[in-house]
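Enquirer: Pasting in a structure now, in C-alpha cells, and then I'll have a few things to ask.
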Amino acid sequence: MHDLPSLSPELDAVRAHVLEHSVKRGDFTLKSGAKSTWFLDTKQTACRPDGVLAMADAMLQIIPDDATAIGGLTMGADPVAFGVAAVAATRGRDLRSFSVRKEAKGHGVTGRLAGALQPGDKVVITEDTTTRGTSLMEAVDVVREYGCEVVLVTLIVDRGDTCAALCEAAGVRYQPLLTSHDLGFGPDD
1 MHDLPSLSPE LDAVRAHVLE HSVKRGDFTL KSGAKSTWFL DTKQTACRPD GVLAMADAML
61 QIIPDDATAI GGLTMGADPV AFGVAAVAAT RGRDLRSFSV RKEAKGHGVT GRLAGALQPG
121 DKVVITEDTT TRGTSLMEAV DVVREYGCEV VLVTLIVDRG DTCAALCEAA GVRYQPLLTS
181 HDLGFGPDD
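In our numbering, the protein residues as written are 1 to 189.
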C-alpha cells in the first residue's frame with residue numbers, strides 16, 4: 001500500500017467504501033490474465049445502499065448536464081447505471097438507464113440493447129471496474145451504432161492503465177471516479 005492521494009469529499013467517500021467492502025487481498029489471476037495481490041469486487045460498493053449513494057454523489061458531479069441516459073455492458077454496468085439513474089431522479093435529473101447485452105437478442109430496444117435508450121441520446125457509458133477498458137469500448141461502439149452520442153465514460157475504479165488511451169483514441173471524454181493509485185496500489189501490486 002502506498003500513501004493515499006487527497007480527493008474531494010465525495011470521491012473520498014467512494015474510496016472509503018471501496019476499501020472497506022470491495023478490495024480483496026491475496027493471490028489472484030485477473031480476467032486479463034495478469035497476476036495481482038489484490039482484487040476488486042466493486043459490485044460490493046455498487047450494490048449496497050450506502051455505496052450507491054456515495055457512487056451517485058460522485059458521478060452526478062461529473063456527468064454532463066445534457067446527458068440523457070446511462071448504461072454499459074451487462075453485468076458490470078447494470079448496478080452502476082441503475083443506481084445512478086435512480087438517485088438522479090430523486091434530485092430532479094432525468095437519466096434513463098439501459099444495458100448492452102453480450103449477445104444480440106430478437107427483442108428489446110434493438111438486438112444488443114435493453115432498457116430506455118433512445119436514438120439521439122447523449123450517453124454516459126459506465127461500469128463498476130476495468131483493467132483494460134475493452135468492455136467500455138464495446139459499449140461505446142454499440143451505443144454509437146444505435147445513433148447516440150457518448151458524452152462521458154466513467155466508472156467506479158480503473159485498476160489498469162489503458163482505458164484512458166482507448167477513450168482518447170475514440171474521441172470520448174474519460175473520467176473514472178478512482179484509480180488503483182487512489183486506492184493506494186501501484187502497478188506492481
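Where is the CB? At the ideal position from N, CA and C, for every residue including glycine. Remember, it's a predicted structure, so these values are computed and weren't measured experimentally.
In terms of residues, what are the limits of the alpha helix (DSSP H) holding R144?
Expert: For the purposes of this step, residue 144 is taken as residue 144 along the sequence shown, with counting starting at 1. For R144, the uninterrupted alpha helix (DSSP H) segment begins and ends at 134-145.
Enquirer: Within 10 angstroms of its Cβ, does M75 collect 16 or more other Cβ (buried), or is it exposed?
Expert: Within the sequence shown, numbered from 1, the residue matching residue 75 stands at position 75. So M75 counts as exposed.
Enquirer: Taking three-plus beta-carbon pairs below 8 Å as touching, is the stretch 87-103 in contact with the stretch 127-134?
Expert: No, the stretch 87-103 does not touch the stretch 127-134.
Enquirer: In whole angstroms, what is the alpha-carbon distance linking T68 and D121?
Expert: Translated into the one-based positions of the sequence shown, residue 68 becomes position 68. Translated into the one-based positions of the sequence shown, residue 121 becomes position 121. So the two alpha carbons sit approximately 6 Å from each other.
Enquirer: The beta strand (DSSP E) with A114 in it runs from where to where?
Expert: In the sequence shown, residue 114 corresponds to position 114, counting from 1. Element bounds for A114: 113-115.
Enquirer: Let me confirm a value: T126 is counted as buried when at least 16 other C-beta atoms fall within 10 Å, else exposed. Which label applies?
Expert: Walking along the sequence shown from the start, residue 126 turns up at place 126. By the neighbour-count rule (16 or more Cβ atoms within 10 Å), T126 is buried.
Enquirer: Output yes or no for whether 9 Å exceeds the beta carbon distance between G72 and A58.
Expert: Along the sequence shown, one-based indexing puts residue 72 at 72. Along the sequence shown, one-based indexing puts residue 58 at 58. Against a cut-off of 9 Å, the Cβ pair of A58 and G72 comes out as no contact.
Enquirer: Within 10 Å of its beta-carbon, does R25 have 16 or more other beta-carbons around it, so buried, or fewer, so exposed?
Expert: Mapped onto the sequence shown, residue 25 falls at position 25. It is exposed - the Cβ of R25 has fewer than 16 other Cβ atoms within 10 Å.
Enquirer: Do R93 and G115 have their CB atoms nearer than 9 Å?
Expert: The count along the sequence shown starts at 1 and reaches residue 93 at position 93. The count along the sequence shown starts at 1 and reaches residue 115 at position 115. Cβ atoms of R93 and G115: not closer than 9 Å.
Enquirer: Beta-carbon separation of L60 and L183 under 9 Å?
Expert: Locating residue 60 in the sequence shown gives position 60, counting from the first residue. Locating residue 183 in the sequence shown gives position 183, counting from the first residue. Cβ distance not < 9 Å, so L60 and L183 don't count as in contact.
Enquirer: Name the one or two DSSP bridge partners that R96 has.
Expert: Indexing the sequence shown from 1 puts residue 96 at position 96. Looking at the DSSP output, R96 shares a beta bridge with A69.
Enquirer: Between which two residues does the beta strand (DSSP E) containing R25 stretch?
Expert: The residue given as residue 25 occupies position 25 in the sequence shown. In the DSSP assignment, R25 falls within the unbroken beta strand (DSSP E) covering 23-29.
Enquirer: Going by beta-carbon coordinates alone, are G160 and P119 separated by less than 9 Å?
Expert: On the sequence shown, position 160 is the one that residue 160 refers to. On the sequence shown, position 119 is the one that residue 119 refers to. Going by C-beta atoms, G160 is not nearer than 9 Å to P119.
Enquirer: Which stretch, first to last residue, makes up the alpha helix (DSSP H) that contains D50?
Expert: In the sequence shown, the residue the question calls residue 50 occupies position 50. Run containing D50: 49-62, per the alpha helix (DSSP H) assignment.
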